[in-house]
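Notes follow the structure.
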Amino acid sequence: MKKAIISFVTSIIIGFGLGYLVFGVIMGDSDKQPQVAQTGPTEDVAPTEEAKKEPESVAVDADNILNSKGCLGCHAVEALDLQGGATGPDLSKAFEGVEDKHGKPLDEFLKEPTSAVMSSVISGSPLTDEERAKVIEMLKQASEKQ
Ligand code: HEC
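The sequence shown: position 10 = 389 (our numbering), numbered continuously.
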């Protein structure tokens, strides 16, 4: 009887041991697979979304006069979806707002700004007549969108 009890106990221990091992392997595998599956798609999705956005905004920015003259370094134009620096005000309403704010219409302001920062921007890099016309055209568009 004692032998039977001992072999019963050892078989239980071995059974548990094997079960534990097999279970550990299965659980270990099934743990890994979802992790790979989860990180895979999210890593895949994020870059493609960014990759889709980047060329669009670059294309919009690269074409326009505000970017090529460096205006977007200090100004955003939200009405035209143009991201820019926060040093200067958003130019969405500048077409109509400049005269009230600075005492001269946009065209005059861009020739000879009355404000300190813009004076040094324009005297450092004056706009040609053509460039000024393009800026005014863009800011007119922006003000009409609102
Ligand atoms: C170094 C930063 C900087 C750059 C570059 C810059 N601006 Fe400005 N701009 C300002 C700041 C700051 C103001 C606010 C008035 C001030 O303090 O001079 C301003 C004001 C203006 C205003 C008047 C709008 C308002 O609501 O007061 C217009 C229009 C404008 N900028 C157009 C431009 C254009 C066009 C360019 C590109 C040729 C440009 N700016 C480049 C900083 C900049």
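For each residue, glycine too, the CB sits at the ideal point set by N, CA and C.
Boundaries (first-last residue) of the alpha helix (DSSP H) holding residue i
i    : result
H481 : 473-481
S504 : Where S504 is concerned, there is no enclosing alpha helix (DSSP H), given that its DSSP letter is neither H nor E.
K490 : 485-490
N553 : Because the chain is modelled from 380 through 525, residue 553 falls outside the range shown and cannot be assessed.
Beta-carbon spacing of residue i, residue j below 8 Å
i    : j    : result
H481 : T466 : no
S504 : K448 : yes
L485 : A473 : yes
V514 : L445 : yes
S471 : S502 : no
Own chain residues within Cβ distance below 6 Å of residue i, not counting five before or after
i    : result
V477 : L485, F488
Cβ-based neighbour list, residue i, same chain, cut-off 8 Å, excluding 5 preceding and 5 following
i    : result
A438 : Note that A438 scores 35 on pLDDT, short of 50, meaning its location in the model is unreliable; the coordinates nonetheless yield the value given after this. Same-chain partners within the cutoff: there are none.
Okay, do the segment 503-520 and the segment 449-461 touch, 3+ Cβ pairs below 8 Å being the bar?
yes
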